[in-house]
Amino acid sequence: MPAPATCVVLGLGNTLHSDDGVGPQAIERLRSDARVPDDVALIEGGTLGLELLTYIWDCSYLLVLDAVDVGQPPGTLVRMSSQELQTLPGKGSVHQLGVADLLVALRVLASRTPEVVLLGVQPASTEWGTELSPAVAAVLPALADAAIAELCHRPHRQEEITT
Amino acid sequence: MARIVIDPVTRIEGHLRIEAEVNSGAVSDAWSSGTMFRGIELILRGRDPREAWVWTQRICGVCTTVHALASVRAVEDALGIEVPENASLIRNIIAASQYVQDHVIHFYHLHALDWVDVTLALKADPGKTSQLAESISPWPKSSRAYFKAIQDRVKALVESKQLSLFSSGYWGHPAYHLPPEANLLAVAHYVEALEFQRDYIRIHAVLGGKNPHLQTYLVGGMSTAMDPNEPQATINPERITLLAELASKAQAFVDQVYIPDVLAVAGFYRDWFERGEGLGNFLSYGDYPLGGIKDSSRFYLQRGAIFNHDLSKVHPVDPANVTEYVTHSWYQYAGGDQNGKHPYQGETSPQYTGPKPPFEHLEIDQKYSWLKAPRYQDQAMEVGPLSRMLIAYASGHPEVKAAVDGILAKLNAPATALFSTLGRIAARAIEAHVMAGQVSKWVAELGDKLGHGDLRVHNGEKWDPDTWPKEAQGFGFHEAPRGSLGHWVHIEDKKITNYQCVVPTTWNAGPRDAKGQRGAYEASLLKTPIADPERPLEILRTIHSFDPCLACAVHVVDGQGRRYTVPWVS
């Protein structure tokens with residue numbers, strides 16, 4: 058019998074930088090959401106870099122929630138697949154290793170590379186502040202819904218159901 | 014395909030800026046500037062001293078645990094609390110394993126790419142790499158097939174333009190001297206070290222509840238329950254076995270991978286034993302109490318100071334002789350900025366007088382840094398693994414002396430070669446070797462105590478603030494991976510009235526003082542040859558050899574006043 062698939066949702070960002078905290082805030086929201094499947098680990102990644110390897114090392118499916126600057130109106134939801142994520146620029150400093158570097162580390166290290174999906178929100182502001190801007194706060198429920206949809210339709214889960 | 018820019022993705026604040034003047038192909042002067050204000054000291058005022066460690070630990074996300082330890086020790090010193098032996102032992106295990114973890118990460122992930130050209134690794138012959146690996150170490154992962162597989166993975170990254178982790182080097186720079194096979198070996202170990210650090214730091218997850226930012230410190234000891242018969246206890250026989258296993262794996266990695274790699278790299282860069290010398294003054298508070306915290310003569314790593322490269326004399330150290338200057342820092346002192354202040358009288362009154370960003374030049378003859386300039390007996394001092402290892406070596410520390418002499422013999426270099434950029438790298442590796450061994454010993458001791466029913470981890474006699482004097486002050490120290498860390502706390506009516514942290518990178522990266530004496534980074538860069546001012550790899554080598562705990566930007570000014578702005582790569 059195969060081991061249960063490990064599925065991780067990783068919320069990234071600094072909760073002290075207003076909209077940059079949308080990832081961790083979404084994780085908070087998902088913690089009290091009954092629709093989250095049982096085999097899913099919810100991780101608040103904060104601003105950590107490679108330390109997060111521990112949490113995603115063995116996973117077969119990784120969903121990243123993060124603020125993403127894609128030049129769209131504030132509050133726009135974005136979805137990126139594994140393929141698109143491979144073109145993310147890395148950060149210039151090792152003390153600022155970003156999600157791109159984390160994913161590359163996984164590619165170099167792990168025997169199997171997990172399926173990765175990123176759900177991002179265009180921030181309005183990343184200035185000091187513990188509150189989300191109205192535009193981003195308004196999209197938080199939709200982000201949670203989108204995350205649930207991803208979790209329920211991930212390929213590995215379907216395999217499990219069919220086998 | 015369109016380029017997607019993601020910003021912010023993660024945000025970690027903290028910046029270092031170096032401005033260097035280059036004349037006739039070498040650095041003629043340098044200025045080091047911390048470009049971020051740290052206000053934790055102000056946040057602590059009025060708070061319960063028992064919670065200070067939770068706050069101070071957040072000064073840094075990289076040097077996790079070190080500020081927690083310095084903080085609980087400061088409050089314990091103020092209130093006259095002695096911690097139980099078990100607590101001291103557990104703190105030693107956490108701190109020593111932090112050295113091993115940090116030093117490995119520093120060498121492979123923060124510093125190696127200053128010496129290793131990843132693109133050249135692709136040209137290596139995996140068979141010859143295997144021969145090289147087997148000639149320097151018994152480490153089992155050394156087959157041709159293994160190196161071929163690593164090379165293929167890296168090749169795939171390069172071809173997909175996804176270097177990412179490896180994208181930050183000045184590839185092709187003339188100062189890279191390693192043959193392709195040594196580059197491939199180092200890249201393979203870079204990858205192995207990623208796996209190592211992920212596994213090893215479980216020691217902290219066990220003893221600290223989580224990593225980073227351990228949660229098990231307490232003023233008076235630790236909150237790590239010990240119980241031989243309780244599967245839920247933090248420390249039980251099963252956990253001791255796990256800790257011992259992790260400690261022993263780390264010793265093997267350090268001895269069979271890290272040390273041989275440092276020796277191999279150093280062999281190709283011998284001229285760096287003559288560069289990056291710096292101040293020649295070295296400070297260590299000493300650490301790893303084997304008796305009580307007050308008995309510095311029984312610290313595993315000695316307390317002491319060395320002045321003017323003189324290894325024949327280790328001077329005693331009294332923390333009362335520490336002062337901080339703000340003459341060139343963006344702060345003001347009530348009594349004027351020309352005088353140093355001991356941290357008990359320390360003030361944190363920020364006053365930015367620098368140019369409005371974006372700017373080209375710092376006002377180097379005025380104030381130019383958010384770091385203060387710490388001094389010991391009015392001397393600028395270097396802190397860190399090199400300081401600790403020199404002081405231990407000069408004090409006749411048996412394990413350190415054996416390890417240093419062994420390394421020097423293999424490199425065919427005298428002890429004075431340690432006063433250099435490569436000396437810092439070698440000292441860090443030696444320290445990792447020695448402390449990896451200590452982790453094993455201390456874990457075994459803890460297991461013994463558990464077996465003998467000595468389960469006390471906390472001294473709660475003075476937990477209740479009603480037992481405290483109306484006023485108290487204390488000094489807490491820790492030799493953190495990057496060097497001497499001091500916390501000074503003043504407590505009045507059960508609350509913190511003043512708190513000052515003097516951190517390792519402030520010692521090393523701090524600016525000039527009232528007398529114009531350079532800080533450690535500034536001094537170490539003098540005379541560094543620069544092959545190409547637009548790609549100042551040589552500056553990075555020396556600054557990185559200190560293991561700076563900051564994200565950085567380098568600016569180079571040449572003799573004609575031309576300015577090069579170079580993205581910092583760490």
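Residue numbers (our numbering), protein chains in the order written: chain U, 58 to 220; chain A, 14 to 583.
Every residue, glycine too, gets a C-beta built ideally from N, C-alpha and C.
Leaving out the 5 sequence neighbours to the left and right, which residues in its chain are closer than 8 Å to residue 447 (chain A) when beta-carbon positions are compared? 412, 413 and 416
Going by the beta-carbon positions, is the gap between residue 155 (chain A) and residue 162 (chain A) smaller than 9 Å? No, the pair does not count as a contact, with Cβ atoms beyond the cut-off.
In the DSSP assignment, find the alpha helix (DSSP H) that holds residue 41 (chain A) and state where it starts and stops. From DSSP, residue 41 (chain A) is part of no alpha helix (DSSP H) but of the beta strand (DSSP E) over 39 to 47.
At which residue ranges does the region 100 to 143 of chain A contain complete beta strand (DSSP E) runs of 3 or more residues, listed in the order of the chain? Complete beta strand (DSSP E) runs here, min 3: none at all.
Mapping DSSP to helix, strand and coil, what is residue 242 (chain A)? coil
Going by other Cβ atoms of all chains shown within 10 Å of its Cβ, with 16 needed for buried, is residue 55 (chain A) buried or exposed? exposed
Bridge partners of residue 501 (chain A), per DSSP? A:488 and A:513
Proximity winner among A:378, A:43, A:68 and A:98, relative to residue 53 (chain A) (alpha-carbon distances): A:68
Would residue 224 (chain A) be called buried (16 or more neighbouring beta carbons within 10 Å of its own) or exposed? buried
Look at the Cβ atom of residue 85 (chain A), then the Cβ atom of residue 219 (chain A), and state whether they are nearer than 9 Å. no
Taking the alpha-carbon of residue 187 (chain U) as reference, which of U:139, U:202 and U:70 has the nearest alpha-carbon? U:70
9 Å Cβ cutoff, residue 208 (chain A) in contact with chain U: yes
For residue 139 (chain U), three-class secondary structure by DSSP: Here residue 139 (chain U) carries a helix assignment [DSSP, helix/strand/coil].
Is it buried or exposed for residue 274 (chain A), if we count other Cβ within 10 angstroms and need 16 for buried? buried
Which of the residues in the region 213 to 225 of chain A, read from start to end, lie with their CB under 9 Å from any CB of chain U? 214, 215, 218, 224 and 225
Quick one: is residue 211 (chain U) near chain D, going by C-beta distance under 9 Å? Here the protein chains are U and A, and chain D is not one of them.
For residue 230 (chain A), does the three-state DSSP call read helix, strand or coil? strand
Assuming residue 475 (chain A) contacts residue 94 (chain A) under a Cβ cut-off of 8 Å, what Cβ separation, rounded to an integer in Å, is found between them? 5 Å
So residue 211 (chain A) contacts chain U; which residues on that side make the cut at Cβ distance below 7 Å? 110, 111 and 114
Would you say residue 152 (chain U) faces chain A, with C-beta separation under 9 Å as the test? Residue confidence for residue 152 (chain U) is low, a pLDDT of 38 falling below 50, so the modelled location carries little weight and cannot support an answer.
Where residue 292 (chain A) and residue 539 (chain A) are concerned, what is the direct C-alpha to C-alpha distance, given to the nearest angstrom? If I take the Cα positions, the gap works out to 10 Å.
Residue 247 (chain A) versus residue 239 (chain A): straight-line alpha-carbon distance, rounded: 6 Å
Nearest-angstrom Cα distance between residue 202 (chain U) and residue 109 (chain U)? A direct Cα-to-Cα measurement between residue 202 (chain U) and residue 109 (chain U) gives close to 25 Å.
Residues that DSSP places opposite residue 344 (chain A) in a beta bridge: A:363
Bounding residues of the beta strand (DSSP E) (the contiguous stretch that carries residue 336 (chain A)): 335 to 338
Nearest-angstrom beta carbon gap, residue 356 (chain A) and residue 501 (chain A) [assumed within contact, 8 Å]: 4 Å
CB-CB length for residue 65 (chain U) against residue 98 (chain U), believed under 8 Å: 5 Å
Does residue 114 (chain A) pass the burial test, meaning 16 or more other C-beta atoms within 10 Å, or should it be called exposed? buried
Burial state of residue 62 (chain A), where buried means 16 or more other Cβ atoms lie within 10 Å: buried
Hey, out of A:111, A:125, A:201 and A:122, whose CA is closest to residue 153 (chain A)'s CA? Out of A:111, A:125, A:201 and A:122, A:201 has the C-alpha closest to the C-alpha of residue 153 (chain A).
Identify, in the order they occur along the chain, each residue of the same chain with its Cβ nearer than 7 Å to the Cβ of residue 469 (chain A), setting aside the five sequence neighbours on each side. 97 and 99
Can you list, in chain order, the residues of the region 83 to 107 of chain U whose Cβ is nearer than 9 Å to any Cβ on chain A? Listed in chain order, the positions of the region 83 to 107 of chain U with a beta carbon within less than 9 Å of a beta carbon of chain A are 102, 103, 104, 105, 106 and 107.
Exposed unless 16 or more other CB atoms sit within 10 angstroms - verdict on residue 315 (chain A): buried
Please state the DSSP three-state secondary structure of residue 396 (chain A). coil
To be precise: take each residue of the region 251 to 275 of chain A, compare its Cβ to all Cβ atoms of chain U, and keep it if any distance is under 9 Å. Which residues remain? none
N-terminal and C-terminal residue of the alpha helix (DSSP H) that residue 100 (chain U) is part of: Where residue 100 (chain U) is concerned, there is no enclosing alpha helix (DSSP H), although the beta strand (DSSP E) it sits in stretches over 97 to 103.
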